[in-house]
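Engineer:
In this note's numbering, the protein residues as written are 1076 to 1445.
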């Protein structure tokens, strides 16, 4: 499987744009903290044109990321604790044509798929109020100006974004500038069933997108990513990792070919490569535990450490769980990698080899040195 290494995120963003000259869509899987949100920003910035005063005069990317969510903020009416509204930052081009395009009617059918509350957009005050129908002892009432939960807020903003995506796909005048749609982690607060629904709905919506519009989706959510892999039409699929070097850091994308991406396999491959090269860091124990938790759930083991099955003559057979517990609960971050001590490298290497050999993973994933 081909992979590419880049010295910085702007170079990777440019590579994605070049990929999209031939492909309709690119899907990226990456752990939190790898740089997904910054990558989406770099991608967007490449398509910006600025005047001499530093003002944006043109752009080509409609994007959803953490900054999109920041365009909405709460006024909780601290004085009276009654009229709680979600304010809109009307300086953003994201809201172009909000009043004229009847966004309420475009968002509501999308929102009804996921939520049971209603809303009203005030384009004079640039704020959104929410309500919910409540039934108590046989009486139905509508409660106005409610504060919705963080998960409900996220799904509302997501549906707001989808309504704008649909306008871009329909080539509405206000969004004819859109050439790329870049979506970064839209489902951070959703449960598993909604993750599937969101991914399926997004794939269906984009099936008949105009040829000129290209898509990038990045996520750390395994289920969401796999649904997109299965339902998008021949996307380019990458696993994105960040690697710390002596003189800085690099970003590596590994193509996952035409099969659905499974992060635990990619994690195992990454750990196998690190173990072979000797470049083992303390956070690899966190990765090992996550993979064991997923494997234990798949095979129906009651505990993750049931996946630890050392050989009978292994003198360290009682140590492995204790080492993983200690190292995976310590302050060992991906952001500041610390190299393992030689003794822990030996424990990790033996444990990884036993885990791979005792579970039915494809040997092709773990080629030995020639």
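Note that the Cβ used here is the ideal one computed from N, Cα and C, for glycine as well.
Quick check: the Cα distance between residue 1292 and residue 1213, rounded to an integer number of angstroms?
Structural biologist: Taking the straight line joining both Cα atoms gives about 45 Å.
Engineer: Can you name the residues that DSSP bridges to residue 1204?
Structural biologist: 1195, per the DSSP bridge assignment.
Engineer: Under a three-way DSSP split, which group does residue 1400 fall into?
Structural biologist: Of the three classes helix, strand and coil, the one that applies to residue 1400 here is helix, per DSSP.
Engineer: Should residue 1440 go down as buried or exposed, given a rule of 16 or more other Cβ atoms within 10 Å for buried?
Structural biologist: Exposed, because fewer than 16 other Cβ atoms sit within 10 Å of the Cβ of residue 1440.
Engineer: If I follow the unbroken alpha helix (DSSP H) through residue 1302, where does it start and stop?
Structural biologist: Per DSSP, residue 1302 belongs to the alpha helix (DSSP H) from 1297-1306.
Engineer: Go ahead and label residue 1285 buried or exposed: buried means 16 or more other beta carbons lie within 10 angstroms of its beta carbon, across all protein chains shown.
Structural biologist: With fewer than 16 Cβ atoms within 10 Å of its Cβ, residue 1285 is classed as exposed.
Engineer: When the Cβ atoms of the segment 1109-1127 are set against those of the segment 1167-1177, are three or more pairs found closer than 8 Å?
Structural biologist: Counting Cβ pairs under 8 Å, fewer than three are found: no touch.
Engineer: Any idea if residue 1233 is buried or exposed, counting beta-carbon neighbours within 10 angstroms, 16 or more meaning buried?
Structural biologist: Result: buried.
Engineer: Just grab the DSSP bridge partners of residue 1150 for me.
Structural biologist: Note: residue 1150 sits in a beta bridge opposite 1160.
Engineer: Taking the straight line between their C-alpha atoms, what separation do you get for residue 1506 and residue 1343?
Structural biologist: The structure shown does not extend to residue 1506, since the chain is modelled only from 1076 through 1445, so no value can be given for it.
Engineer: Would you tell me roughly how many angstroms separate the C-alpha atoms of residue 1276 and residue 1164, rounded to the nearest one?
Structural biologist: Spanning the two alpha carbons is a distance of roughly 27 Å.
Engineer: How would you label residue 1097, buried or exposed, when you count the other beta carbons within 10 angstroms and need 16 or more for buried?
Structural biologist: With fewer than 16 other Cβ atoms within 10 Å, it is exposed.
Engineer: Take residue 1095 as the anchor and find which of 1130, 1105, 1136 has the nearest alpha-carbon.
Structural biologist: Checked all of 1130, 1105, 1136; the closest Cα to residue 1095 is 1136.
Engineer: Identify whether residue 1105 lies in helix, strand or coil by the three-state DSSP scheme.
Structural biologist: If DSSP states are grouped into helix, strand and coil, residue 1105 belongs with coil.
Engineer: Measuring alpha carbon to alpha carbon, tell me which residue in 1209, 1420, 1314, 1279 is nearest residue 1296.
Structural biologist: When each option's Cα is compared against that of residue 1296, the closest is 1314.
Engineer: Under the rule that 16 or more other beta-carbon atoms within 10 Å means buried, what is residue 1111, buried or exposed?
Structural biologist: Burial call: buried.
Engineer: Within its chain, find whatever has a CB closer than 7 Å to the CB of residue 1217; leave out the 5 residues flanking it on each side and keep chain order.
Structural biologist: Excluding sequence neighbours, residue 1217 sits near 1206, 1208.
Engineer: Three-state secondary structure (DSSP) at residue 1411?
Structural biologist: At residue 1411 the pLDDT is 48, less than 50, meaning the model places this residue with poor confidence and gives no usable figure here.
Engineer: Tell me the rounded alpha-carbon separation between residue 1353 and residue 1360.
Structural biologist: Each residue's Cα considered, the two are about 14 Å apart.
Engineer: Distance check for residue 1099 and residue 1278, CA to CA, integer angstroms please.
Structural biologist: Approximately 12 Å between the Cα atoms of the pair.
Engineer: Is residue 1367 near residue 1382, with beta carbons less than 8 Å apart?
Structural biologist: Going by C-beta atoms, residue 1367 is nearer than 8 Å to residue 1382.
Engineer: Helix, strand or coil, according to DSSP, for residue 1340 in the structure here?
Structural biologist: DSSP places residue 1340 in helix when its eight states are reduced to three.
Engineer: Look at the alpha carbon of residue 1116 and the alpha carbon of residue 1341, and state the distance between them as a whole number of angstroms.
Structural biologist: Computed Cα separation, rounded: 26 Å.
Engineer: Given a cut-off of 8 Å, decide if residue 1312 and residue 1102 are closer than it, judged by their beta-carbon atoms.
Structural biologist: Contact: yes.
Engineer: Compare the C-beta of residue 1255 with all C-beta atoms of chain D and state if any pair is closer than 8 Å.
Structural biologist: Looking at the structure shown, chain D is missing, and only one protein chain is on hand.
Engineer: How far does the beta strand (DSSP E) with residue 1219 in it reach, from first residue to last?
Structural biologist: Note, residue 1219: beta strand (DSSP E), 1214-1219.
Engineer: Quick check: what's the CA-CA separation for residue 1200 versus residue 1176?
Structural biologist: The straight-line gap from Cα to Cα measures roughly 17 Å.
Engineer: Does DSSP classify residue 1370 as helix, strand or coil?
Structural biologist: If DSSP states are grouped into helix, strand and coil, residue 1370 belongs with the helices.
Engineer: Under 8 Å between the Cβ atoms of residue 1328 and residue 1079?
Structural biologist: Yes.
Engineer: Report the residue from 1438, 1288, 1418, 1302 whose alpha carbon sits nearest the alpha carbon of residue 1273.
Structural biologist: Among 1438, 1288, 1418, 1302, the Cα nearest to that of residue 1273 is on 1302.
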